[in-house]
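Remarks on the structure that follows.
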Amino acid sequence: MIRKKILVISAIFFLLLLAACGAAATSEDSMASFSEPAAAPARDTGGNSSFGDDFAMEEAEAPMEQSGEAMSDGSLGVSTNQGTAVQPFQERLIIRTANMSLIVSNTEEAMATISQMAEENGGWVVNSSVFQYNENAKTGNITIRVPSSGFNSALEALRSMAVEVRNESTSGQDVTEEFVDVSARLENLEATADRVRAFLDDAETVEEALAVNQELSRLESDIESMKGRLQYLSQSASFSTITVDLTPDIVSQPIEPSNWRPAVVFRNAVDSLVDALQDVAEFGIWFAVYLLPLLLIVGIPLWLVGRFIWRRWRRRGPVQTETAVSTE
3 MIRKKILVIS AIFFLLLLAA CGAAATSEDS MASFSEPAAA PARDTGGNSS FGDDFAMEEA
63 EAPMEQSGEA MSDGSLGVST NQGTAVQPFQ ERLIIRTANM SLIVSNTEEA MATISQMAEE
123 NGGWVVNSSV FQYNENAKTG NITIRVPSSG FNSALEALRS MAVEVRNEST SGQDVTEEFV
183 DVSARLENLE ATADRVRAFL DDAETVEEAL AVNQELSRLE SDIESMKGRL QYLSQSASFS
243 TITVDLTPDI VSQPIEPSNW RPAVVFRNAV DSLVDALQDV AEFGIWFAVY LLPLLLIVGI
303 PLWLVGRFIW RRWRRRGPVQ TETAVSTE
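Per the working numbering: the sequence shown = residues 3 to 330.
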């Protein structure tokens, strides 16, 4: 019994070792079959065309080979069914992002236009926010996702709607190698899981079944994790992220007349006068109730003492004068 258990565990370990070696070899072969990345599509310099037309033209020219079903489940040439994890494809997976700072005539109108453009062309708004810039204007920030095939057209449309492009930066991350590597590992893990299931069917004791089932659970967890990673890479490459900061153009803001109202000024003046009279009345009350008694209690004794000292000093003055005259 113990010998058979050792044989089962050894067989599982051997299968896992074969799966790891096969994943590395498959990944290298898959990367070798890739062609050089295609040149980036030329940027459309015409700013008069609409956002929707630019998207349609760029999507028609882009050599995208993903089917609608692949886009719906978030995969690019990768089936989520076991046994067919990797399918050949020619497009490189590039995760493209852009950050722009634009000066616009009206922030809220610009945000509404950007949101509409993204939704009309298969994208969506990730988040947006508006802040009060001054009494008459607002600043804003909006992040959108658009199909990668219309990335350049989206940037061109954003430039055309701005009074001034203050700042713009784009970046691209090539995740093709990671995608191929994970796909190869997924294919080998699925094959290994099938073989481990066969061992589970052949298990004769509860201990053997538990050991094989534990290893099978670990493999299935790794498989689901890899499928999730492939889906994330595929979706990230299929849709580009654009973040736009919107600042209102001071020159474009309307000049509004002053809101000066004489009635309001008169009322404020009356309120100030009432406050001043209240302060005077409060001082009189405090003086009569608090300061005056305090002055009487402390001041009268001090006055009497001072008067007594003064009178004695005056009396001693003539006596000293008469003594000095008689001495002479």
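By construction, the Cβ of each residue, glycine as well, lies at the ideal position given by its N, Cα and C atoms.
Predicted model, so just to flag it, every value in this text is computed and none were measured.
Should residue i go down as buried or exposed, given a rule of 16 or more other Cβ atoms within 10 Å for buried?
i	result
residue 171	exposed
residue 306	exposed
residue 153	buried
residue 239	buried
residue 123	buried
residue 285	exposed
residue 77	Interpretation of residue 77 is limited by its pLDDT of 40, a score under 50 that renders its predicted location unreliable; the figure taken from the coordinates is listed afterwards. Its Cβ being crowded by 16 or more others within 10 Å, residue 77 is buried.
residue 252	exposed
residue 157	buried
Whole angstroms are fine: how far does the CA of residue j sit from the CA of residue i?
i	j	result
residue 164	residue 137	22 Å
residue 218	residue 195	6 Å
residue 98	residue 262	52 Å
residue 292	residue 300	12 Å
residue 213	residue 178	36 Å
residue 166	residue 249	10 Å
residue 121	residue 162	18 Å
residue 314	residue 303	17 Å
residue 283	residue 290	11 Å
residue 143	residue 112	10 Å
residue 308	residue 287	30 Å
residue 280	residue 139	41 Å
residue 269	residue 276	11 Å
residue 264	residue 271	10 Å
residue 342	residue 119	Residue 342 is absent from the model: the chain starts at 3 and stops at 330.
residue 312	residue 298	20 Å
residue 197	residue 220	14 Å
residue 310	residue 318	13 Å
residue 207	residue 224	26 Å
residue 278	residue 267	17 Å
residue 274	residue 294	28 Å
residue 316	residue 296	30 Å
Hey, out of the options, whose CA is closest to residue i's CA?
i	options	result
residue 242	106, 112, 103 and 176	176
residue 159	102, 285 and 201	102
residue 150	107, 283 and 96	96
residue 199	281, 309 and 222	222
residue 133	109, 174 and 185	109
residue 226	192, 274, 252 and 281	192
For residue i and residue j, which I take to be in contact (beta-carbon distance under 8 Å), what is that distance rounded to the nearest angstrom?
i	j	result
residue 244	residue 100	5 Å
residue 105	residue 246	11 Å between Cβ atoms; not a contact.
residue 215	residue 202	6 Å
residue 147	residue 125	5 Å
Can you give me the Cβ contacts of residue i inside the same chain, cut-off strictly under 6 Å, excluding the 5 residues immediately before and after it?
i	result
residue 184	228, 231 and 232
residue 169	103
If you drop the 5 nearest sequence neighbours on each side, which residues of the same chain put their C-beta closer than 7 Å to that of residue i?
i	result
residue 135	141 and 250
residue 235	95, 177, 180 and 181
residue 211	202 and 205
CB-CB under 8 Å to residue i, same chain, minus the five flanking residues each way: which ones, in chain order?
i	result
residue 145	127, 128, 129, 130, 243, 244, 245 and 246
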